[in-house]
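Participant: In the UniProt record's numbering, the protein residues as written are 1 to 65.
All C-beta atoms, glycine included, are put in the ideal place defined by N, C-alpha and C.
Let me begin by handing over the structure; questions about it come next.
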């Protein structure tokens, strides 16, 4: 599996858009981008497909030092 990252082989394909991936976890995360954006920042209203993207946004854009 890991060797695919070095060889460039990407046998896994998104059935919606045709984008290819070398690892199933990346394909799974990508599939969520085709869903409706569900996670909304309570501070600025920006919407995200994945909760981890919202958390990163909150941490980098709205956290106080």
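Return yes when the Cβ of residue 27 is within less than 7 Å of the Cβ of residue 39, no when it is not.
Facilitator: no
Participant: Following the continuous alpha helix (DSSP H) through residue 22, name the residue where it begins and the one where it ends.
Facilitator: Taken as a continuous stretch (DSSP letters only), residue 22 belongs to no alpha helix (DSSP H), as it is neither H nor E.
Participant: On the three-state DSSP scale, how would you describe residue 47?
Facilitator: strand
Participant: Quick test of your reading: residue 49 and residue 32, contact by CB under 8 Å. State the CB separation rounded to the nearest angstrom.
Facilitator: 5 Å
Participant: I need the straight-line Cα distance from residue 63 to residue 29, nearest angstrom please.
Facilitator: 25 Å
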